[in-house]
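Residue numbers (the UniProt record's numbering): 1 to 178.
All residues carry an ideal CB built from backbone N, CA and C; glycine is no exception.
None of the values given here were measured: they were computed from a predicted structure.
Let me begin by presenting the structure, written as structure tokens, before commenting on it.
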């Protein structure tokens, strides 16, 4: 059995995008769940890796993304999830956490072969990241109560696809690092 990392996808967010109104209710529900996952992972010294969209800000780095999100109107969704000093941070530009990022190299260097994917959006970035993790031979777990969606029906279908087509373990967050 290898090393497992908690991977937080796109939660450092200003929610200033076209689908934000549909995403916000789901994000409100998952933030406390992800916060508890972060606490449990850190207590067990499991690596925590934030992979976050750069929102087209090509000169930005993780600190600037965080500062902008914390200064925005939805800071209450970011504050409980702020990376600590041991967290790793990868900036991405597209849906998958792997697409043209150094994540694969980072995971190999850290001896990580299992990923717990949480964050947003289930039917987009989480789904594509799960597929890319699967084709790279990483084991994937997705806690269904720790992923936010825009469209519930598509999110439910995405979770079924991850489980059936990609061999992902879909479970409740309470089943992890209990």
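Report the rounded CA-to-CA distance for residue i versus residue j, giving the unit in angstroms.
{"i": "residue 28", "j": "residue 38", "result": "16 Å"}
{"i": "residue 100", "j": "residue 143", "result": "25 Å"}
{"i": "residue 148", "j": "residue 119", "result": "6 Å"}
{"i": "residue 175", "j": "residue 141", "result": "11 Å"}
{"i": "residue 4", "j": "residue 89", "result": "16 Å"}
{"i": "residue 78", "j": "residue 53", "result": "14 Å"}
{"i": "residue 95", "j": "residue 113", "result": "21 Å"}
{"i": "residue 30", "j": "residue 136", "result": "27 Å"}
Throw me the rounded Cβ distance for the residue i and residue j pair, which I believe falls under 8 Å.
{"i": "residue 14", "j": "residue 49", "result": "That pair is no contact at about 21 Å."}
{"i": "residue 126", "j": "residue 23", "result": "The Cβ separation is near 12 Å, so there is no contact."}
{"i": "residue 146", "j": "residue 173", "result": "5 Å"}
In the DSSP assignment, the alpha helix (DSSP H) including residue i goes from what residue to what residue?
{"i": "residue 63", "result": "62-70"}
{"i": "residue 28", "result": "20-43"}
{"i": "residue 135", "result": "127-135"}
{"i": "residue 165", "result": "152-166"}
Taking residue i as part of the beta strand (DSSP E), name the residues at either end of that continuous run.
{"i": "residue 75", "result": "Counting along the chain, residue 75 falls outside any beta strand (DSSP E), and DSSP gives it neither H nor E."}
{"i": "residue 181", "result": "Any question about residue 181 goes unanswered here, given that the chain covers just 1 to 178."}
{"i": "residue 170", "result": "169-171"}
{"i": "residue 53", "result": "48-53"}
Whose CA, out of the options, lies closest to the CA of residue i?
{"i": "residue 65", "options": "24, 33, 112, 11", "result": "11"}
{"i": "residue 129", "options": "151, 153, 161, 152", "result": "161"}
{"i": "residue 80", "options": "94, 149, 36, 158", "result": "36"}
{"i": "residue 104", "options": "76, 134, 83, 123", "result": "134"}
{"i": "residue 2", "options": "16, 43, 47", "result": "47"}
{"i": "residue 82", "options": "168, 40, 63", "result": "63"}
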